[in-house]
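Working notes for the structure below.
Protein chains: 2
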Amino acid sequence: MVYVNGAGFTKIGLLWEYSLEDLAVEAALKALEDSEVKSVDAIVVGNMTSGVMNSQENLGAVIADSLGMAGVPSIKVEAACGSGGAAIMWAAISIMSGLFDSALVIGVEKMTDVTDIPDQTSALATAANARYESSLGASFPSLNALIMREYMKEHGLSEEDFAHLPILMHKNAVDAKHAQLRFRISLEDYLKSPYISEPLRLLDSSPIGDGAAALVISSRRADESVEISGFGAATDVVSICQRDDLTRLRSVELAAKRALKMAHLEIRDIDLVQIHDAFSVMGYLNLEALGLVERGKAHIRVEGGDFNRDGWLPVNPEGGLKARGHPVGATGVYQVAEIYLQLSDRAGRCQVEGAETAIAVNIGGTGSNASVHILRRC
Amino acid sequence: MVYVNGAGFTKIGLLWEYSLEDLAVEAALKALEDSEVKSVDAIVVGNMTSGVMNSQENLGAVIADSLGMAGVPSIKVEAACGSGGAAIMWAAISIMSGLFDSALVIGVEKMTDVTDIPDQTSALATAANARYESSLGASFPSLNALIMREYMKEHGLSEEDFAHLPILMHKNAVDAKHAQLRFRISLEDYLKSPYISEPLRLLDSSPIGDGAAALVISSRRADESVEISGFGAATDVVSICQRDDLTRLRSVELAAKRALKMAHLEIRDIDLVQIHDAFSVMGYLNLEALGLVERGKAHIRVEGGDFNRDGWLPVNPEGGLKARGHPVGATGVYQVAEIYLQLSDRAGRCQVEGAETAIAVNIGGTGSNASVHILRRC
Numbered sequence: 001m002v003y004v005n006g007a008g009f010t011k012i013g014l015l016w017e018y019s020l021e022d023l024a025v026e027a028a029l030k031a032l033e034d035s036e037v038k039s040v041d042a043i044v045v046g047n048m049t050s051g052v053m054n055s056q057e058n059l060g061a062v063i064a065d066s067l068g069m070a071g072v073p074s075i076k077v078e079a080a081c082g083s084g085g086a087a088i089m090w091a092a093i094s095i096m097s098g099l100f101d102s103a104l105v106i107g108v109e110k111m112t113d114v115t116d117i118p119d120q121t122s123a124l125a126t127a128a129n130a131r132y133e134s135s136l137g138a139s140f141p142s143l144n145a146l147i148m149r150e151y152m153k154e155h156g157l158s159e160e161d162f163a164h165l166p167i168l169m170h171k172n173a174v175d176a177k178h179a180q181l182r183f184r185i186s187l188e189d190y191l192k193s194p195y196i197s198e199p200l201r202l203l204d205s206s207p208i209g210d211g212a213a214a215l216v217i218s219s220r221r222a223d224e225s226v227e228i229s230g231f232g233a234a235t236d237v238v239s240i241c242q243r244d245d246l247t248r249l250r251s252v253e254l255a256a257k258r259a260l261k262m263a264h265l266e267i268r269d270i271d272l273v274q275i276h277d278a279f280s281v282m283g284y285l286n287l288e289a290l291g292l293v294e295r296g297k298a299h300i301r302v303e304g305g306d307f308n309r310d311g312w313l314p315v316n317p318e319g320g321l322k323a324r325g326h327p328v329g330a331t332g333v334y335q336v337a338e339i340y341l342q343l344s345d346r347a348g349r350c351q352v353e354g355a356e357t358a359i360a361v362n363i364g365g366t367g368s369n370a371s372v373h374i375l376r377r378c
Numbered sequence: 379m380v381y382v383n384g385a386g387f388t389k390i391g392l393l394w395e396y397s398l399e400d401l402a403v404e405a406a407l408k409a410l411e412d413s414e415v416k417s418v419d420a421i422v423v424g425n426m427t428s429g430v431m432n433s434q435e436n437l438g439a440v441i442a443d444s445l446g447m448a449g450v451p452s453i454k455v456e457a458a459c460g461s462g463g464a465a466i467m468w469a470a471i472s473i474m475s476g477l478f479d480s481a482l483v484i485g486v487e488k489m490t491d492v493t494d495i496p497d498q499t500s501a502l503a504t505a506a507n508a509r510y511e512s513s514l515g516a517s518f519p520s521l522n523a524l525i526m527r528e529y530m531k532e533h534g535l536s537e538e539d540f541a542h543l544p545i546l547m548h549k550n551a552v553d554a555k556h557a558q559l560r561f562r563i564s565l566e567d568y569l570k571s572p573y574i575s576e577p578l579r580l581l582d583s584s585p586i587g588d589g590a591a592a593l594v595i596s597s598r599r600a601d602e603s604v605e606i607s608g609f610g611a612a613t614d615v616v617s618i619c620q621r622d623d624l625t626r627l628r629s630v631e632l633a634a635k636r637a638l639k640m641a642h643l644e645i646r647d648i649d650l651v652q653i654h655d656a657f658s659v660m661g662y663l664n665l666e667a668l669g670l671v672e673r674g675k676a677h678i679r680v681e682g683g684d685f686n687r688d689g690w691l692p693v694n695p696e697g698g699l700k701a702r703g704h705p706v707g708a709t710g711v712y713q714v715a716e717i718y719l720q721l722s723d724r725a726g727r728c729q730v731e732g733a734e735t736a737i738a739v740n741i742g743g744t745g746s747n748a749s750v751h752i753l754r755r756c
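Quick note, the sequences are listed as chains A and B, same order.
Counting along the first sequence from 1, when you hit position 220 you're at 220 in the working numbering, and nothing is skipped either side.
Counting along the second sequence from 1, when you hit position 348 you're at 726 in the working numbering, and nothing is skipped either side.
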């Protein structure tokens, strides 16, 4: 068995006063303090762009050293925006191996020190296929716009139908102290917001931000432990032009199936969900891939309140990638850290009542990789 | 138990006709063919600079996709020049966990498509500390030159004393078909070679090259399996200016201690060694950290022939990083792939007679991370 025994994270935002290491250290020290653990057997860092954005690779050693933990084995795991989830999964695997008793997982991304070239959009585009996508000018907003356009065509949707998810996410984030965008938005705000890549708007898009989140995981159960009951990962074809179905996240379907099987659960057993809503359409596709909504119907269910904090099945009660924020390599760790707080009744004003089990979906690229974690109250 | 059941690699060199994916695919298909395995449960890619040099992150998914294996969980592990060794270790951990039966490890680096800025030296400098080293102009040749100068001072050595290791490595590489620099060098050649960063010369330095190596590892033993009996990793302080001893590789000492303990072996039980001789002085420090030579005496032992292919303890029989080549993130996988061929008596003209156990040391930065693997004939 693998348990989460502590979590910590920084506020997300334009944190000019923090370096990459500062972010990682703050989150890690909070997680260590929360877990009452003094030392760990391994460190796994989830990060995507430290090489391109911060001229810093060898990030495992750099962060171990910054923590005063030189000596401890430490690596960086990269899986684009899915780096954080991948880091948790591989750390959990190491606990299951019996080789390590405890591990520190740190997701970190420092996105605001990039001055000119490569800018953030170019740096993030390294998650796309360099030969068939990014070298031809495709960026993540434009790739998601293509997917959104196809999704609209398939299901006869209007642009307005995409407003419901960001409206809910912004509403939820108001209560999350660490969230980047703590203000409500209205349908009118959404429709007034500029196109980034038509039909995708500014208010469909998660913000650029700095942040770090950390978990202490262990084979030992403590008072406030939450169990990692299952996990799974999968990849998919990277270039969307080579996929046979543009609006289906096969990696999420497969990863969720593997995670649920490992946890001996079905999706209807889940009480709380974290989805990867980097763009509104991705949020909808996440819900579909989990089997929570029929294809093309997610907008109706979101608008109807099913996924509100007090709804049928709460989704992203802290505001998701859209409003809590999306420091890319850190996001997967934020998701599980927030579930940990929820399942140990410490989520403050974001608390969901009575949740026993939760699922987190973290993806990379346009779904070319995904990891899914299932957590359960002990 | 974890076994290596197949290995494959490309020639190392300036492979203009290969893309990053081409390299990975060639090595992986060879390893799969060698192992007679058709599918694997996970892929772990060791790579350092695909983001900075090739504008390609999300490398796990990109390579799984290129192999026609979309669906299989796949991540990139980054630990600077130690990425390959780290990838093997974490793949082995996943086999030990019982979660996966088989895994494909691919180390790959495509270093020759970088046209201007960042050039290779800058890209490699991301393995140093960005705040205290690389941003101040320190490159890996200059950092190693500082270490070399200190080592010379401590032990009263001349520049000539560093020639013995590259001379041996070049001699060994002549017999390795996949090696990048298949020619002998003399002491005179060494002393005539230009300084890169005084006192470190061109012929102290491993070359820039493209290459990929792959392993199929599994919980199942096959006919030509070689056992991974032990492994260990460690980090050290990253900036050399903050280390208390500039000429001691504590990460290697610690990683080797952990690996030997796991394998229930002592260093005197080892018959064959792979060291990380990115620069001559690093090669000497590797031998010292393993406890194979007294500090400051490595040059005498190398010159005396102790580490020749038919010597007391063969070291890098294929020519090491210096002459076989050093495609950074691939190097650790080449080392273990070569041990696999040695211990299954398929190393051709590089074959060492009668070796039963072998050790591989792969480091990142100036030793800020290290992984050590111990393999044993089944």
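The beta carbon of each residue, even a glycine, is placed where N, CA and C say it ideally should be.
Quick caveat, the model's predicted, so the values are computed rather than measured.
Buried or exposed: which applies to residue i, given that a residue is buried once 16 or more other Cβ atoms fall within 10 Å of its Cβ?
| i | result |
| --- | --- |
| Trp-312 (chain A) | exposed |
| Asp-412 (chain B) | buried |
| Trp-16 (chain A) | exposed |
| Arg-243 (chain A) | buried |
| Asp-223 (chain A) | exposed |
| Phe-561 (chain B) | exposed |
| Asp-161 (chain A) | buried |
| Lys-555 (chain B) | exposed |
| His-264 (chain A) | exposed |
When you compare only the Cα positions, how much space is there between residue i and residue j?
| i | j | result |
| --- | --- | --- |
| Leu-535 (chain B) | Ser-571 (chain B) | 18 Å |
| Ala-61 (chain A) | Glu-154 (chain A) | 48 Å |
| Tyr-573 (chain B) | Arg-579 (chain B) | 4 Å |
| Val-105 (chain A) | Gly-365 (chain A) | 21 Å |
| Arg-89 (chain A) | His-326 (chain A) | Reading off the sequence, residue 89 (chain A) comes out as Met, not Arg. Taking the straight line from one Cα to the other gives about 19 Å. |
| Thr-613 (chain B) | Glu-198 (chain A) | 47 Å |
| Ser-617 (chain B) | Met-660 (chain B) | 16 Å |
| Pro-451 (chain B) | Glu-644 (chain B) | 36 Å |
| Arg-509 (chain B) | Glu-294 (chain A) | 50 Å |
| Leu-124 (chain A) | Lys-408 (chain B) | 32 Å |
| Ala-79 (chain A) | Glu-188 (chain A) | 36 Å |
| Gly-707 (chain B) | Ala-590 (chain B) | 8 Å |
| Tyr-18 (chain A) | Gly-84 (chain A) | 20 Å |
| Gly-683 (chain B) | Tyr-3 (chain A) | 52 Å |
| Leu-699 (chain B) | Met-262 (chain A) | 42 Å |
| Arg-754 (chain B) | Asn-425 (chain B) | 26 Å |
| Gln-351 (chain A) | Gln-342 (chain A) | 6 Å |
| Val-594 (chain B) | Ala-406 (chain B) | 8 Å |
| Ala-442 (chain B) | Met-530 (chain B) | 46 Å |
| Ser-66 (chain A) | Tyr-284 (chain A) | 39 Å |
| Gln-558 (chain B) | Leu-401 (chain B) | 15 Å |
| Asp-647 (chain B) | Pro-692 (chain B) | 13 Å |
| Ile-339 (chain A) | Arg-599 (chain B) | 40 Å |
| Pro-695 (chain B) | Ser-722 (chain B) | 15 Å |
Would you mind giving the Cβ-Cβ distance between residue i and residue j, rounded to the nearest angstrom? I have them listed as a contact below 8 Å.
| i | j | result |
| --- | --- | --- |
| Ile-359 (chain A) | Val-252 (chain A) | Ile-359 (chain A) to Val-252 (chain A), Cβ: 11 Å. No contact. |
| His-548 (chain B) | Ala-701 (chain B) | 5 Å |
| Lys-76 (chain A) | Val-45 (chain A) | 5 Å |
| Ser-102 (chain A) | Ser-218 (chain A) | 4 Å |
| Glu-57 (chain A) | Ala-505 (chain B) | 6 Å |
Who pairs with residue i in a beta bridge, going by DSSP?
| i | result |
| --- | --- |
| Tyr-3 (chain A) | A:Ser-218, A:Glu-227 |
| Ile-752 (chain B) | B:Gly-608, B:Ile-737 |
| Asp-588 (chain B) | B:Gly-391 |
| Ile-421 (chain B) | B:Ser-452, B:Leu-482 |
| Cys-459 (chain B) | B:Ala-457 |
| Gly-364 (chain A) | A:Asn-369 |
Return yes when the C-beta of residue i is under 7 Å from any heavy atom of the ligand NAD, and no when it is not.
| i | result |
| --- | --- |
| Gly-68 (chain A) | As far as ligands go, the structure on display features none, and thus does not contain the ligand NAD. |
Taking beta-carbon pairs under 7 Å, can you tell me which members of the region 446-475 of chain B lie near chain A? Going along the region 446-475 of chain B in chain order, one finds Ala-448, Gly-449, Val-450, Pro-451, Ser-452, Ile-453, Lys-454, Val-455, Glu-456, Ala-457, Ala-458, Ala-464, Trp-468, Ile-471, Ser-472, Met-474, Ser-475 with a Cβ nearer than 7 Å to chain A.
Mind listing which residues of the region 173-184 of chain A have their C-beta closer than 8 Å to chain B's C-betas, in chain order? Cβ contacts with chain B: none found.
Given a limit of 7 Å on CB to CB distance, which residues of the region 496-507 of chain B reach chain A? From the region 496-507 of chain B, only Thr-504, Ala-505, Asn-507 have a Cβ closer than 7 Å to chain A.
Residues within the region 511-528 of chain B neighbouring chain A, beta-carbon criterion of under 7 Å: Hits within the stretch, in order: Ser-512.
The region 420-434 of chain B: which residues have C-beta closer than 7 Å to a C-beta of chain A, in chain order? From the region 420-434 of chain B, only Met-426, Thr-427, Gly-429, Val-430, Asn-432, Ser-433, Gln-434 have a Cβ closer than 7 Å to chain A.
Near-chain A residues of the region 597-620 of chain B (beta-carbon distance less than 7 Å), N- to C-terminal order: Residues of the region 597-620 of chain B whose Cβ lies closer than 7 Å to any Cβ of chain A, in chain order: Ala-611, Ala-612, Thr-613, Asp-614, Val-615, Val-616.
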